[in-house]
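>
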Amino acid sequence: MDIYERLIEDHGKQRGLAGGLAKTEGDSAERRRLFDAFKLEVESHAALEEQVFYAELMSHAEGQEQARHSIIEHDEASTLIEELLELDMASSGWLNKFNKLHHELEHHVEEEEKDVFRLARKLISDKRAREMAEEFDRLKKEAMAA
Ligand SMILES: [Fe+2]
Ligand SMILES: [Fe+2]
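Under our numbering, residue 132 is the last one in the sequence shown; the count climbs by one each step, no gaps.
#1: Check whether the Cβ of E98 lies closer than 7 Å to any heavy atom of ligand 1, and answer yes or no.
#2: For T65, which three-state DSSP category applies?
#3: Give the range of the alpha helix (DSSP H) segment to which L109 is assigned.
#4: Quick check: what's the CA-CA separation for A8 versus R124?
#5: Would you kindly work out how many angstroms separate the C-alpha atoms of I(-11) and A132, rounded to a whole number?
#6: Taking D13 as the reference, which of L87, E128, L73, E90 has the closest Cα?
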């Protein structure tokens, strides 16, 4: 497994949780449970993606602009998550903001899987991409267990 496959695996989890959340209604136990799982998954994924993958991409001059762009989008997503925590889950405001986050995250992961990975494959060796998968996986397991 390389880092691209490993990140895509996480994106699948993220998509599943977001899709499940979009089907929940009101301030329900199910919405709370899924939102907690979604928040943990999205935040830990973004933090470790920056630490392991984007740090490597940044070390190549041609990767810096794309890496910065992605990190800005991570910050935007975490701002929306923090704002969601302040809203009543049963309100239309919560649902509107969640839908915006869902849409933006989908755009973000699609861009990663297409444009960012294509660029990274040119700049990062296959060997390094396999090492990064192991590193990411180890850190992610630690983060989820903590
Ligand atoms: Fe990302
Ligand atoms: Fe990602």
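Glycine included, each C-beta is placed from N, C-alpha and C at the ideal position.
Put simply:
#1: For the purposes of this step, residue 98 is taken as the residue at position 112 of the sequence shown. Checking every heavy atom of ligand 1 against the Cβ of E98, one is found closer than 7 Å.
#2: On the sequence shown, position 79 is the one that residue 65 refers to. In the structure shown, T65 sits in a helix (DSSP, three-state: H, G or I).
#3: For the purposes of this step, residue 109 is identified with residue 123 of the sequence shown, where counting begins at 1. 103 to 109 is the span of the alpha helix (DSSP H), which, as asked, contains L109.
#4: Indexing the sequence shown from 1 puts residue 8 at position 22. Indexing the sequence shown from 1 puts residue 124 at position 138. If you take the alpha carbons of A8 and R124, they lie about 30 Å apart.
#5: Within the sequence shown, the letter at position 3 stands for residue -11. Within the sequence shown, the letter at position 146 stands for residue 132. Whole-angstrom Cα-Cα distance: 22 Å.
#6: Reading the sequence shown from its first residue, position 27 is the one you call residue 13. When L87, E128, L73, E90 are compared, the shortest CA-CA separation from D13 is found for L73.
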